[in-house]
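Read through the structure below, which is laid out as structure tokens, and then see the notes.
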Amino acid sequence: MFDFTWELAEKFGLSERFGKKLDHDRLADFLPYRAWDPENYIFLLDHGKENRIGWFFVSEVTVPPKESFLQEFESLLSVMPPKSTVQILMAQMPFIGETISDFLKLRNRTKLKISEEKQKVLTHMMAEKAKLYRKLTEGLQDSSYPLLLKKPYIFFSFTVSPSELTVDNVISTIQKTKSVLQTAGFDTKKGVPADLYNFIYFLFSDPEGILPPSYTTPFKACLTNKKYKADSLLENLFIPLSELISPPSIGIKITSDTLLTNANRFIATVSYRQYPDAVEPGMVDRLVGDNRKTEIQLPYTVIHVLNIYVPDQISIKSNIANRHAVAAWQTFGPLAKFNPKVGKVKDDLAELMNRAEKELILKAYLHTIVLANSEKQLEEATYSYITHAKRHGFLPVRDKFVMAPLLLNSLPMGLYPDEAPKLFRTRTLSSSMIGCLAPVHAEGGSFGKPYLLFSTRRGYLITGDIFASPQGYNGLIFGGTGGGKSFFLNELTASYFSAGAKIIILDVGKSFKKLCEMLDGEYINFEDTSNVNINPFAHLSDDPELLVDDMEMLKNFVESMAAPKKGLTDFQMGALTEIIADVAEKYKQETTFDLIAEKLAQHSDHRIKDIATMLKPWCKGGENYRWVAGGKSINFESDLIVIEMEALMQRTHLQKVSLYYLMYRISQDFLLKTMKDPSFRKKPKFLFIDEAWEALKTGTADFIERAYRRFRKTGSGCWIITQGPSDLDGSAVADALWNNSHFVVSLRVENFNKEKAKKYLSDYALSVIPTLKTVKGQFSEIYMKTPFGEDILRFYAPRYTQLVYTTDATESAIIEKLLDEGLSYDRALRKIIAMEKR
Numbered sequence: 019m020f021d022f023t024w025e026l027a028e029k030f031g032l033s034e035r036f037g038k039k040l041d042h043d044r045l046a047d048f049l050p051y052r053a054w055d056p057e058n059y060i061f062l063l064d065h066g067k068e069n070r071i072g073w074f075f076v077s078e079v080t081v082p083p084k085e086s087f088l089q090e091f092e093s094l095l096s097v098m099p100p101k102s103t104v105q106i107l108m109a110q111m112p113f114i115g116e117t118i119s120d121f122l123k124l125r126n127r128t129k130l131k132i133s134e135e136k137q138k139v140l141t142h143m144m145a146e147k148a149k150l151y152r153k154l155t156e157g158l159q160d161s162s163y164p165l166l167l168k169k170p171y172i173f174f175s176f177t178v179s180p181s182e183l184t185v186d187n188v189i190s191t192i193q194k195t196k197s198v199l200q201t202a203g204f205d206t207k208k209g210v211p212a213d214l215y216n217f218i219y220f221l222f223s224d225p226e227g228i229l230p231p232s233y234t235t236p237f238k239a240c241l242t243n244k245k246y247k248a249d250s251l252l253e254n255l256f257i258p259l260s261e262l263i264s265p266p267s268i269g270i271k272i273t274s275d276t277l278l279t280n281a282n283r284f285i286a287t288v289s290y291r292q293y294p295d296a297v298e299p300g301m302v303d304r305l306v307g308d309n310r311k312t313e314i315q316l317p318y319t320v321i322h323v324l325n326i327y328v329p330d331q332i333s334i335k336s337n338i339a340n341r342h343a344v345a346a347w348q349t350f351g352p353l354a355k356f357n358p359k360v361g362k363v364k365d366d367l368a369e370l371m372n373r374a375e376k377e378l379i380l381k382a383y384l385h386t387i388v389l390a391n392s393e394k395q396l397e398e399a400t401y402s403y404i405t406h407a408k409r410h411g412f413l414p415v416r417d418k419f420v421m422a423p424l425l426l427n428s429l430p431m432g433l434y435p436d437e438a439p440k441l442f443r444t445r446t447l448s449s450s451m452i453g454c455l456a457p458v459h460a461e462g463g464s465f466g467k468p469y470l471l472f473s474t475r476r477g478y479l480i481t482g483d484i485f486a487s488p489q490g491y492n493g494l495i496f497g498g499t500g501g502g503k504s505f506f507l508n509e510l511t512a513s514y515f516s517a518g519a520k521i522i523i524l525d526v527g528k529s530f531k532k533l534c535e536m537l538d539g540e541y542i543n544f545e546d547t548s549n550v551n552i553n554p555f556a557h558l559s560d561d562p563e564l565l566v567d568d569m570e571m572l573k574n575f576v577e578s579m580a581a582p583k584k585g586l587t588d589f590q591m592g593a594l595t596e597i598i599a600d601v602a603e604k605y606k607q608e609t610t611f612d613l614i615a616e617k618l619a620q621h622s623d624h625r626i627k628d629i630a631t632m633l634k635p636w637c638k639g640g641e642n643y644r645w646v647a648g649g650k651s652i653n654f655e656s657d658l659i660v661i662e663m664e665a666l667m668q669r670t671h672l673q674k675v676s677l678y679y680l681m682y683r684i685s686q687d688f689l690l691k692t693m694k695d696p697s698f699r700k701k702p703k704f705l706f707i708d709e710a711w712e713a714l715k716t717g718t719a720d721f722i723e724r725a726y727r728r729f730r731k732t733g734s735g736c737w738i739i740t741q742g743p744s745d746l747d748g749s750a751v752a753d754a755l756w757n758n759s760h761f762v763v764s765l766r767v768e769n770f771n772k773e774k775a776k777k778y779l780s781d782y783a784l785s786v787i788p789t790l791k792t793v794k795g796q797f798s799e800i801y802m803k804t805p806f807g808e809d810i811l812r813f814y815a816p817r818y819t820q821l822v823y824t825t826d827a828t829e830s831a832i833i834e835k836l837l838d839e840g841l842s843y844d845r846a847l848r849k850i851i852a853m854e855k856r
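Numbering (the numbering used here), first residue to last: 19 to 856.
Okay, structure coming up:
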């Protein structure tokens with residue numbers, strides 16, 4: 019049954035650990051896990067001649083590739099004693115069930131102020147989205163490559179010899195390693211047997227993305243049944259832990275270069291004869307594809323493992339010095355003439371000696387596990403991976419004859435120091451060089467609770483929450499006509515509204531009218547017949563501190579009314595500010611523009627009198643008087659408000675003043691509610707301003723910055739939506755918007771001025787934005803910059819959601835026809851989907 023392996027195990031002296039087990043096909047017989055101490059999270063490991071003590075952490079967070087990681091990595095290694103091992107394993111596993119459950123829980127615990135029928139539609143939208151993302155773990159085919167949705171899990175494993183540390187010292191070392199990892203940015207969780215079970219199950223079987231519901235049962239028994247619980251760390255348990263974490267039905271067979279199981283899993287391993295000459299953090303991440311280009315991806319599952327042995331530093335540095343002396347002597351002999359490698363060996367050892375003065379010297383090797391569900395797929399996957407790795411300067415080879423020992427050494431806590439010389443894989447390297455090989459970097463990275471769901475181009479599941487940002491919540495969205503920005507904004511609105519957010523949208527083009535009606539929101543149309551009052555003085559605060567802030571914004575507001583294009587001079591602004599304060603102090607909420615103009619006209623300086631003349635359109639008898647003297651003030655109590663401003667597009671002056679009024683009033687409303695009820699700050703709040711750049715660009719940066727500070731203070735986000743990044747350029751207002759926007763989202767924009775945009779966007783953004791694509795009916799891609807990084811993300815919408823957001827005339831007509839027939843909105847959409855499936 020086991021071709022070649024028995025003989026090779028004997029030849030390489032591995033029979034103590036593996037040879038005695040090779041006449042069995044039970045997976046549990048090969049695993050080193052003996053017992054677990056649930057109090058201290060310590061594992062007892064059976065490594066043949068020696069029992070070892072181990073522990074591990076699991077992180078679902080990757081870190082960006084930066085130089086500071088190398089320092090943190092050396093700190094991690096420095097806390098480990100001699101003869102210890104460190105392993106860093108990254109696996110992309112399709113276990114997303116907990117994340118999807120959290121996505122639904124955010125919605126289920128929120129009671130919305132909408133009708134039961136509309137709640138049913140919204141609930142079904144979120145349920146269909148969760149269902150789609152679960153389905154993506156089984157793979158969806160698009161025009162580029164088969165996507166398998168997964169999450170990156172990083173296992174940090176450590177083992178020590180019991181002779182080197184006491185149990186108390188082990189516990190102290192565990193805490194030190196955890197602290198270092200957290201400092202490096204990882205959300206480390208202490209590893210438990212259930213984590214091993216998940217990984218073993220994934221590695222040796224085809225889980226199709228979902229674990230059996232009962233997969234945690236053995237560990238509940240382990241904690242409650244005395245037969246399974248270790249009272250002492252080194253107690254010889256009745257049942258080894260390996261029996262509990264190995265699915266009992268899984269059997270294995272080993273050939274010269276493949277391990278296959280009866281659970282439809284085929285496994286190959288890859289080692290490296292050579293690493294690139296130039297090393298840098300993040301280089302291993304490139305081995306699974308290029309996230310900048312959809313066509314350069316590896317659609318197969320690979321697991322990277324960095325195996326590290328920590329030797330005694332005095333001994334290994336002395337050994338390097340001796341080897342360097344020998345190599346230097348050889349360069350003077352005849353051997354160097356015939357073998358140029360002798361000189362290179364001397365130079366490499368010299369560099370290692372120089373590094374040894376500042377860094378740790380360790381023995382390590384990178385190992386890769388390739389997974390497939392058929393022999394043919396395994397051959398394709400291994401060949402594709404090796405070819406791709408060669409492009410990046412690696413020289414990979416598929417392991418033969420000893421792949422089983424290599425595979426078991428690459429399991430979490432499976433590394434055994436005594437086997438290192440016998441496997442011929444380790445290299446003597448400095449800690450910084452080894453840190454560059456650490457598989458801890460990947461594109462993307464989740465940020466916050468699952469208010470939003472995305473995937474990367476490589477299929478990593480990303481969850482996001484704008485309000486997880488430590489800096490602020492404002493943003494910019496770019497997208498050309500027909501580029502999908504309205505669809506994305508609908509998705510952003512529905513995702514947050516379903517979880518209890520308050521959202522106000524200043525719309526142009528009725529893009530959100532349908533969603534507003536569907537969610538029982540308030541729809542307000544700014545047009546000549548509107549009964550709306552935009553006099554900001556009617557809402558002056560009685561709070562002295564807030565009133566000061568109000569006056570700072572109101573002076574800019576009045577300036578926009580008097581001089582919308584060129585603004586006022588500093589002298590005029592100083593006088594205007596003083597007069598507004600005097601009038602407001604006397605008349606408070608009864609202040610009108612007639613009173614302000616009257617006071618301005620009484621000034622002795624003609625430059626101040628000119629402002630009174632400039633305000634005439636807003637005074638009694640002026641063309642815009644009705645907007646500030648009649649009508650009703652807007653009530654911002656609804657959790658979803660859409661204000662349509664398309665009718666003002668041709669009246670840019672009125673549009674600008676209205677926009678300033680709304681920004682002032684909304685920020686003031688949020689601020690007053692927060693002061694009255696501090697819990698209101700925790701409620702997610704957005705103001706989306708669509709196509710507003712033309713109205714804002716002739717304004718003042720001071721007004722924008724003050725409004726944005728108010729939004730930040732109240733836990734709110736203000737987002738500006740426009741055609742492209744080069745639109746926001748060339749003024750102080752543009753700089754203010756960019757500088758105060760902590761998020762940037764772009765759909766595909768092909769024709770934009772990169773010379774202008776590079777002032778604000780990274781080279782990465784400029785290169786990827788033109789490559790973004792949409793596969794109709796499947797997904798759309800966006801570029802997203804957050805305080806946590808930047809990446810290309812995909813968002814998926816099930817057919818039900820697509821119909822809710824649709825602007826297609828034919829689809830809209832069918833929906834209206836079904837509604838006229840008496841069907842509810844929910845039943846109408848379901849009927850359309852049913853008809854499409856026939």
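Quick reminder that beta carbons are idealized off the backbone N, C-alpha and C, glycines included. Just so we're clear, the structure is a prediction, and the values are computed from it rather than from any experiment.
* **Close-in-space but distant-in-sequence residues of the same chain around Ala368 (CB under 7 angstroms, 5 per side omitted)** => Correct list, in chain order: His342.
* Own chain partners of Arg44 with C-beta closer than 7 angstroms, once the 5 adjacent residues on each side are dropped -> Hits under 7 angstroms: Gly269.
* Cβ-based neighbour list, Ile833, same chain, cut-off 6 angstroms, excluding 5 preceding and 5 following -> Taken in chain order, the residues that qualify are Ala846.
* DSSP state of Ala512, grouped into three classes? -> Helix, per DSSP.
* Let me know if Ile810 comes out buried or exposed under the rule of 16 or more other beta-carbons within 10 Å of its beta-carbon. => By the neighbour-count criterion, in which a residue is buried when 16 or more other Cβ atoms sit within 10 angstroms of its Cβ, Ile810 is buried.
* What number of angstroms, rounded off, separates the C-alpha of Asn771 from the C-alpha of Leu779? -> When rounded, the distance between both Cα atoms is 12 angstroms.
* For the putative contact between Val660 and Lys531, defined by C-beta atoms under 8 angstroms, what is the C-beta separation to the nearest angstrom? -> 7 angstroms between Cβ atoms; contact.
* **Cβ-based burial, Ala345 [other Cβ within 10 Å; buried from 16]** => Under the 10 Å beta carbon count, Ala345 is surrounded by 16 or more other beta carbons and is classified as buried.
* **Closest residue to Arg625 among Phe589, Tyr643, Phe611 and Lys617 (Cα-Cα distance)** => The option with the nearest alpha carbon to Arg625 is Phe589.
* To do: Starting from Pro414, follow the beta strand (DSSP E) in both directions and report where the run begins and ends.
  => In the DSSP assignment, Pro414 falls within the unbroken beta strand (DSSP E) covering Leu413 to Arg416.
* Asked: What residues in its chain sit with their C-beta under 7 angstroms from that of Tyr818, if we drop five residues either side in the sequence?
  -> In its chain, beyond the 5 residues on either side, His142, Met143, Glu146, Leu847 and Ile851 have a beta carbon closer than 7 angstroms to the beta carbon of Tyr818.
* Asked: Assuming Ser513 and Leu558 make a contact with CB atoms under 8 angstroms, what is their CB distance in whole Å?
  -> Not quite, the Cβ-Cβ distance comes to about 36 angstroms (not below 8 angstroms), so this is no contact.
* Asked: Taking only runs of the alpha helix (DSSP H) that begin and end inside the segment 426-475, which ones reach a length of at least 4 residues, in chain order?
  -> As far as the segment 426-475 is concerned, its whole alpha helix (DSSP H) runs of at least 4 residues are 438-441 and 449-454.
* Lys503 vs Asp483 beta-carbon contact at 9 angstroms -> No, Cβ-Cβ distance for Lys503 and Asp483 is not below 9 angstroms.
* Grab me the residues of Asp64's own chain with a C-beta within less than 7 angstroms of its C-beta, minus the 5 sequence neighbours each way, in chain order. => These residues qualify, in order along the chain: Pro50 and Arg52.
* What residue from Thr276, Gln489 and Leu433 has the CA that sits closest to Lys418's CA? -> Nearest in C-alpha terms to Lys418, of all of Thr276, Gln489 and Leu433, is Thr276.
* **Of the residues Phe121, Thr481 and Gln105, the one placed nearest Thr804, counting alpha carbons only** => Ranking the options by Cα distance to Thr804, first place goes to Thr481.
* Please name the residue in Met663, Gln686, Gly490 and Tyr643 whose C-alpha comes closest to that of Asp560. => If we check each option's Cα against that of Asp560, Gln686 comes out closest.
* Residue range of the unbroken beta strand (DSSP E) whose run includes Gly807 -> Gly807 to Tyr814 is the span of the beta strand (DSSP E), which, as asked, contains Gly807.
* Does the segment 374-386 come within contact of the segment 319-329, defined as at least 3 CB pairs closer than 8 angstroms? -> Contact between the segment 374-386 and the segment 319-329 is present, because at least three Cβ pairs lie under 8 angstroms.
* To do: For the segment 33-110, list the alpha helix (DSSP H) runs that are entirely contained and at least 4 residues long, ordered along the chain.
  => The alpha helix (DSSP H) runs of length 4 or more contained entirely in the segment 33-110 are, from start to end of the chain, 86-96.
* Helix or strand or just coil, what does DSSP make of Phe654? -> Judged by DSSP in its simplified three-state form, Phe654 adopts coil rather than helix or strand.
* Asked: Going by beta carbon distance, what residues of the same chain come within less than 6 angstroms of Ala580, once the five residues before and after it are set aside?
  -> Excluding positions up to five away in sequence, the list reads Ile629, Met632 and Leu633.
* To do: Taking Asp525 as part of the alpha helix (DSSP H), name the residues at either end of that continuous run.
  => Boundaries for Asp525: no alpha helix (DSSP H) harbours it, while the beta strand (DSSP E) harbouring it runs Lys520 to Asp525, taken from the DSSP string.
* DSSP puts Gly493 in a beta bridge; with which residues? -> Under DSSP, Gly493 takes part in a beta bridge, and its partners are Trp737 and Phe761.
* Asked: Who does Asp708 pair with in a DSSP beta bridge?
  -> Beta-bridge annotation (DSSP): Asp708 is paired with Ile739.
* Asked: Do you know whose CA, among Ser744, Gly649, Glu298 and Ala517, lies nearest Phe120's CA?
  -> The sequence given here has Asp at residue 120, not Phe. When C-alpha distances from Asp120 are compared across Ser744, Gly649, Glu298 and Ala517, the shortest belongs to Ala517.
* Asked: Is the segment 290-297 close to the segment 387-404, with three or more CB pairs under 8 angstroms?
  -> No, the segment 290-297 does not touch the segment 387-404.
* When the Cα of Gly72 is compared with those of Lys617, Leu429 and Ser197, which residue comes out closest? -> Among Lys617, Leu429 and Ser197, the Cα nearest to that of Gly72 belongs to Leu429.
* To do: Per DSSP, which residues does Val751 bridge with? Please list them.
  => In DSSP, Val751 forms no bridge with anything.
* Chain-order list of residues whose beta-carbon lies under 7 angstroms from that of Asp538 (same chain, five-residue window excluded) -> Ile132, Ser133 and Lys136, listed in sequence order.
* Asked: With distances taken between CB atoms, is the gap from Ile285 to Lys335 smaller than 9 angstroms?
  -> Cβ distance not < 9 angstroms, so Ile285 and Lys335 don't count as in contact.
* Which of helix, strand or coil does DSSP assign to Ile285? -> The answer is strand: DSSP assigns Ile285 an E or B state.
* Mind checking Gln89: buried by the 16 CB within 10 Å criterion, or exposed? -> When all chains shown are included, Gln89 counts as exposed.
* Asked: Tell me the DSSP bridge mates of His860?
  -> Given a span of 19 to 856 for the chain in the structure shown, any question on residue 860 remains unanswerable.
* Rounded C-alpha distance that separates Ala827 from Glu839 -> Straight through space, the alpha carbons of Glu839 and Ala827 are spaced by roughly 18 angstroms.
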